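Numbering (mature numbering (1 follows the signal peptide of the UniProt record, and there is no 0)), first residue to last: -21 to -1, 1 to 296. Single-structure report; data block below.
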């Protein structure tokens, strides 16, 4: 629930005046080219503009998943922070907090604005005296509502995603929400393209619908093969909460990476201008988009309700 304090703060940062000669360091858990983090970075850049000198450090832990690598990169980031002396840190996604912020900057002098942490900040011990942020929660309940409106009978679904920790958390959230409506989800976590294709095909006979999770972590991912598969063999209703996976799903309700970056940047500006960071509540994202893939809708036997078609943004392959 968004408190009055959070709402008042959200309005205040929209109209804050420019911060002068400040240095902001954006710490990405992942790498340039990963779509979600690129969207966060776009949001940060658009909100900061000339109001803060923006520097960047990429931990690259999506392509390098070992704990040893994450810890080593965090030490490099710590050294870089000590040498460059930024005025504020903007830390995106879980691993920035896991490997860097909690071990080295918890309750430190430098302020920290995090964003993109999945579902709960509890694993990293937030709140800190020097930190605030925006939690990332997929719009699972809104998507479930549209799934229930689109299919007359629902009993079981397949959750198909990359074999990575963030998708285990994503599945647990989906499982809990769908079970509350009497729908059983079976997870399949694919390590490579062949496993993803096989699981998608199996779902056509074993489920009433398929949830397409994140593909990040499938190193040999092939857009062309995936597109060909869903167009030619996708008879089930396919849905997703990921913007960049909407090309493989008939119906999408997607969170916006730019919202995370925009809020984090505006919050950083407010802190630099004198707002005490400990007074700024941790909040959750609250915007999403409804999309329908007209290319897949034309190929399938699924007939979406007119109310969904009217409200949705239309995309095509």
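All C-beta atoms, glycine included, are put in the ideal place defined by N, C-alpha and C. Values in this document were obtained by computation on a predicted structure and should not be read as measured data.
Original post:
With a CB to CB cut of under 6 Å and the five nearest residues on each side skipped, what residues in its chain are close to residue 170?
Top reply: The count along the chain shown starts at 1 and reaches residue 170 at position 191. So the qualifying residues of the chain are 142.
**OP:** Following the continuous beta strand (DSSP E) through residue 242, name the residue where it begins and the one where it ends.
**Re:** Working through the chain shown from its first residue, we reach residue 242 at position 263. Note, residue 242: premise wrong, no beta strand (DSSP E); alpha helix (DSSP H) at 236 to 251.
Original post:
So, helix, strand or coil for residue 40, using DSSP?
Top reply: Start at 1 with the first residue of the chain shown, and residue 40 comes out as number 61. Three-state result, residue 40: coil.
Original post:
For residue 99, which of helix, strand or coil comes out of DSSP?
Top reply: By 1-based counting over the chain shown, the position of residue 99 is 120. Coil.
Original post:
Any contact of the segment 179 to 187 with the segment 147 to 159, i.e. 3+ C-beta pairs under 8 Å?
Top reply: No, because fewer than three Cβ pairs between the segment 179 to 187 and the segment 147 to 159 fall closer than 8 Å, the two stretches do not touch.
**OP:** Would you identify the three-state DSSP class for residue 193, choosing helix, strand or coil?
**Re:** The residue you call residue 193 lines up with position 214 of the chain shown. Assigned with DSSP and collapsed to three states, residue 193 falls in coil, not helix or strand.
**OP:** Could you check if residue 190 is buried or exposed, using at least 16 other CB atoms within 10 Å of its CB as the buried criterion?
**Re:** One-based indexing of the chain shown puts residue 190 at position 211. Under this definition residue 190 is a buried residue.
Original post:
Along the chain, where does the alpha helix (DSSP H) that runs through residue 125 open and close?
Top reply: The residue given as residue 125 occupies position 146 in the chain shown. Taken as a continuous stretch (DSSP letters only), the alpha helix (DSSP H) holding residue 125 covers 119 to 129.
**OP:** Please confirm whether residue 153 and residue 209 have their CB atoms less than 7 Å apart.
**Re:** The sequence position of residue 153 within the chain shown is 174, counting from 1. The sequence position of residue 209 within the chain shown is 230, counting from 1. Not a contact, by the Cβ cut-off of 7 Å.
**OP:** Return the residue from the list 38, 225, 127, 7 that minimises the CA-CA distance to residue 296.
**Re:** The residue you call residue 296 lines up with position 317 of the chain shown. Across the set 38, 225, 127, 7, the C-alpha of 225 shows the shortest separation from the C-alpha of residue 296.
Subject >> Backbone secondary structure at residue 76 - three-state DSSP >> reply: Indexing the chain shown from 1 puts residue 76 at position 97. If DSSP states are grouped into helix, strand and coil, residue 76 belongs with the helices.
**OP:** Report all residues from its chain with a CB closer than 8 Å to the CB of residue 34; omit the five preceding and five following residues, and keep chain order.
**Re:** Counted from its first residue, the chain shown places residue 34 at position 55. Sequence-distant partners of residue 34 (beyond 5 residues in either direction) whose C-beta falls short of 8 Å from its own C-beta, in its chain, are 2, 3, 4, 5, 63, 65.
**OP:** Count the other CB atoms, across all protein chains shown, that sit within 10 Å of the CB of residue 236; report buried if there are 16 or more and exposed otherwise.
**Re:** Position 257 of the chain shown, counted from the start, is the residue given in the question as residue 236. By the neighbour-count definition (other C-beta atoms within 10 Å, threshold 16), residue 236 is a buried residue.
Original post:
From 87, 88, 94, pick the residue whose C-alpha is nearest to that of residue 74; which is it?
Top reply: The residue given as residue 74 occupies position 95 in the chain shown. Selected option, being the one with the closest Cα: 94.
Original post:
So which of 91, 126, 16, 44 has the shortest CA-CA distance to residue 72?
Top reply: Start at 1 with the first residue of the chain shown, and residue 72 comes out as number 93. For the residues 91, 126, 16, 44, the minimum Cα distance to residue 72 belongs to 16.
Subject >> Bounding residues of the alpha helix (DSSP H) (the contiguous stretch that carries residue 112) >> reply: Within the chain shown, the letter at position 133 stands for residue 112. Annotation for residue 112: no alpha helix (DSSP H) segment contains it, though the beta strand (DSSP E) segment containing it runs 110 to 115.
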